[in-house]
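Input: a single structure, listed below in structure tokens.
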């Protein structure tokens, strides 16, 4: 069973990746938001409202790291903008590449574990998304959603690692 939240407004696009010799890939950050640090049972998924090619697909909330920001700072900002909540960030979800998970546009995404910082806070779909859903980590749970293809291996890593995500301090 999922619980969902509708949006109030907003759209934005995904970051672009620099092209050409010596160009560095764009860094983006994503949040694996769990319902509980001690005994997680659900993950927050966000359904894209734009651009058209991604509309209706599910993803991890987050966005691009701006010049002068670190990944953790960028993710805290993006989550405030997209979901209207503060989060307590944990460690990074391990990826097969030290630079992060490769996205279809060549960007790299670092995904961090997180929980809501304030008891009773409710994320809302404020920007980029038209629906939020708390999906179970067990069974088909998170895997039954139509995820952005590049996020699918991340979903598997999140489901596999959620139980111990906050076992040790980041």
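In full-length UniProt numbering, the protein residues as written are 1 to 170.
No residue lacks a Cβ here, since even glycine has one placed at the ideal position from N, Cα and C.
Bear in mind the structure is a predicted one, so any value in this text is a computation, not a measurement.
field: Within the UniProt domain "Nudix hydrolase" (24 to 160), ranges of the alpha helix (DSSP H) (whole runs, at least 4 residues)
entry: Listed in chain order, they are 71 to 83.
- prompt: For residue 99, which residues of its own chain have a beta-carbon under 6 Å away from its beta-carbon, when the five flanking residues on both sides are left out?
  reply: Excluding sequence neighbours, residue 99 sits near 108.
query: Buried or exposed: which applies to residue 96, given that a residue is buried once 16 or more other Cβ atoms fall within 10 Å of its Cβ?
result: Exposed, by the Cβ-count rule.
CB-CB length for residue 44 against residue 132, believed under 8 Å: That belief holds up - the Cβ atoms of residue 44 and residue 132 are roughly 6 Å apart, short of 8 Å.
field: Exposure label - residue 144; buried when at least 16 CB within 10 Å
entry: Exposure of residue 144 is indicated by the presence of fewer than 16 other C-beta atoms within 10 angstroms of its C-beta.
message: Quick test of the definition: if touching needs 3 or more C-beta pairs under 8 Å, does the region 32 to 50 touch the region 134 to 144?
response: Enough Cβ pairs lie closer than 8 Å, so yes.
- request: Using the Cα positions of residue 70 and residue 81, report the straight-line distance between them to the nearest angstrom.
  value: Going from the Cα of residue 70 to the Cα of residue 81 covers about 17 Å.
query: Using the C-alpha atoms, what's the distance from residue 26 back to residue 141?
result: Our two residues, residue 141 and residue 26, have alpha carbons roughly 30 Å apart in a direct line.
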